[in-house]
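Chains as they are written, first to last, in my numbering: chain A, 168 to 379; chain B, 24 to 204. Report on the following structure.
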Amino acid sequence: MDTDQLIRTLTADNAYRPRPIGLALMMALLAAAPVSLLIFFAELGVRPDVMTAMHNPFFDLKFAVTLALAASAIAVSLHLTRPEASLRGFGWWLLIPAGILVAAISGEMMMPQRTPMMTRLIGKNSMACMTAIPAMSLPLLVGALYGLRQGAPARPAVAGAVAGLLSAGLAATVYASHCTDDSPLFVATWYTLATAIVASVGALMGKRALRY
Amino acid sequence: MREREDEWTDLMRSAISGDDAAYHRLLKAITPVLRAAARRGLARAGQPVDQSEDIVQDILLAVHLKRQTWDTSAPFAPWLFAIARNKLIDALRRRGRRIFVNIDDFAETLPGETPEPTASPGEVTAQLQALPARQREVLQSIAVDSASIKDTAAKFAMTEGAVRVALHRGLASLTAKLRDR
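The following block contains the structure:
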């Protein structure tokens, strides 16, 4: 097929309109969400004292951190679907959840505490956190990569890592309602480690899946 | 140069709003620029330039299939050159060379420079043979026999909608095969 013939063929396909990538990503995430929720309700479930916990600002702050991570990672993911885009000028979005976390830690430091710092940091659920967040993230990550495949990222591994952050943010939001450790020190340690694992898996998968 | 790029942006906007003639003109206009750049990239990497047409076709397919990642309010040329650079790097990497692609390979093309294709490209043609029969027949009918969608539909006793689907799927799987070879 010579190039003129190829051009003629592409022109014949001009009427084809793919769905917007944002919509494709949302639909893929919605399709994957039930799998993650199934893992959550089968293995973990919402903590029994959730009604009282909601009055604890540090319980609520966990959701602020994880939702900020999910939202900023979704925005950056969509930005990175463009071939000429890079993290430059956009990457700082991902610092928003870190900023909330730092503010929460300083807030907690200023309050009188009954338990020592190390006890709060190590908590009771570190192992559950480190397994549940990656396990619940995985279906979401596969969904996110599927939706983002329509994009044309310059660096597929970076785009995959951000897709990992996105799915870890969503999974951690659900997991936070199970976890009884509310200290921002616990979140900063274990949630961050779990998120880093998912981001690395995302980078590895994205490197192949998001090439165009 | 600015004028040329503004013209591309206008053509692409018209193409996206359904103007097939504008799309054809755009693809015709960018091809010599891509060809010159692909040749320069190959030459710089110490590769024979007669493979440039494969790279040009690779870029054109990516431009087509990734159109929706172009922001219609942004200029077209930076988007195009980002895709072209990516495909050129890919092609050189596949040939096992150290990569040195300069952005100027694309930007500095002179308007008068319109090289003709050197050799007939083999890669798209080879992968075409590996497609499912229906997709291959539809692609060949439109590409090689220059039949319209309507004529192709009549020839294979398909609906026009089915021809369009087979055409798009054919182009998408062709691209996937080129990427994963």
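Note that beta-carbon positions come from the ideal geometry of N, C-alpha and C, so glycine has one too.
Here's the rule I'm using: 16 or more other beta-carbon atoms within 10 Å means buried, otherwise exposed. How should Asp29 (chain B) be labelled? Exposed.
Contact with chain A by Thr32 (chain B), beta-carbon distance below 7 Å: No, its Cβ sits nowhere closer than 7 Å to a Cβ of chain A.
Could you compute how far the alpha carbon of Pro301 (chain A) sits from the alpha carbon of Ala149 (chain B)? Linking Pro301 (chain A) to Ala149 (chain B) through their CA atoms gives a straight-line distance of about 42 Å.
Let me see if you follow: with CB-CB separation under 7 Å, is Ile165 (chain B) close to chain A or not? So yes, Ile165 (chain B) belongs to the interface.
Starting from the C-beta of Ala61 (chain B), find all residues in its chain whose C-beta is less than 7 Å away, skip the five residues before and the five after it, and write them out in chain order. If you ignore the 5 residues before and after Ala61 (chain B), its C-beta comes within less than 7 Å of the C-beta of Ser75, Ile78, Val79, Leu111, all in its own chain and listed in chain order.
Taking the alpha-carbon of Pro71 (chain B) as reference, which of B:Thr54, B:Leu197, B:Arg118, B:Asp174 has the nearest alpha-carbon? Per the Cα distances, B:Arg118.
Measure the C-alpha to C-alpha separation of Arg287 (chain A) and Ala324 (chain A) and round it to an integer number of angstroms. For Arg287 (chain A) and Ala324 (chain A), the distance between alpha carbons rounds to 35 Å.
Pull up the distance between the alpha-carbon of Phe353 (chain A) and that of Leu360 (chain A), whole angstroms please. Linking Phe353 (chain A) to Leu360 (chain A) through their CA atoms gives a straight-line distance of about 11 Å.
With a threshold of 7 Å on Cβ separation, who are the neighbours of Ala176 (chain B) within its own chain once the five nearest residues in sequence on each side are excluded? Counting only Cβ-Cβ distances below 7 Å, and skipping sequence neighbours, we find Thr182, Glu183, Val186.
Can you check whether the CB of Leu261 (chain A) is closer than 7 Å to the CB of Ser239 (chain A)? Going by C-beta atoms, Ser239 (chain A) is nearer than 7 Å to Leu261 (chain A).
Three-state secondary structure (DSSP) of Glu275 (chain A): Under the three-state reduction of DSSP output, Glu275 (chain A) falls in the helix class.
Pick from B:Lys178, B:Ala107, B:Gly145 that is closest to Asp169 (chain A), judged by C-alpha positions: Considering only alpha carbons, the answer is B:Gly145.
Rounded to a whole number of angstroms, what is the C-alpha to C-alpha distance between Asp200 (chain A) and Ile188 (chain A)? The residue asked about is misnamed: residue 200 (chain A) is Ala in this sequence, not Asp. Cα to Cα, Ala200 (chain A) sits roughly 18 Å from Ile188 (chain A).
Would a C-beta distance cut-off of 7 Å place Phe99 (chain B) and Trp31 (chain B) closer than the cut-off? Taking a C-beta distance under 7 Å as the contact criterion, Phe99 (chain B) and Trp31 (chain B) qualify as a contact pair.
Just the C-alpha distance for Ser334 (chain A) and Asp216 (chain A), rounded to the nearest angstrom, thanks. In a straight line, the C-alpha of Ser334 (chain A) is about 26 Å away from that of Asp216 (chain A).
Please tell me whether Arg43 (chain B) has its Cβ less than 7 Å away from any Cβ of chain A. In the sequence as displayed, the identity of residue 43 (chain B) is Asp instead of Arg. So, interface residue.
CB-CB length for Leu196 (chain A) against Ala343 (chain A), believed under 8 Å: About 18 Å; that fails the 8 Å criterion.
Using the Cα positions of Met277 (chain A) and Thr233 (chain A), report the straight-line distance between them to the nearest angstrom. The alpha-carbon separation between Met277 (chain A) and Thr233 (chain A) amounts to approximately 23 Å.
State the Cα-Cα distance for the pair Pro155 (chain B) and Thr298 (chain A), rounded to the nearest angstrom. Rounded to whole angstroms, Pro155 (chain B) to Thr298 (chain A) spans 43 Å at the Cα level.
Going along chain A in order, which residues have a C-beta closer than 8 Å to the C-beta of Ile172 (chain B)? Here the neighbours are Ala179.
What does the Cβ neighbour count give for Gly135 (chain B), buried or exposed, with the cut at 16 atoms within 10 Å? Note that Gly135 (chain B) has pLDDT 48, beneath the 50 cutoff, so the model's placement of it is unreliable and the number below is only indicative. Exposed: under 16 other Cβ atoms inside 10 Å.
Can you name the residues of chain B whose CB is closer than 9 Å to the CB of Leu211 (chain A)? Result: empty, since nearest Cβ-Cβ is about 38 Å, beyond 9 Å.
Beta-carbon of Met168 (chain A) versus every beta-carbon of chain B: anything under 7 Å? Judged by the 7 Å Cβ criterion, Met168 (chain A) is in contact with chain B.
Option in A:Thr219, A:Asp171, A:Val368, A:Ala370 with minimal Cα separation from Leu83 (chain B): Considering only alpha carbons, the answer is A:Asp171.
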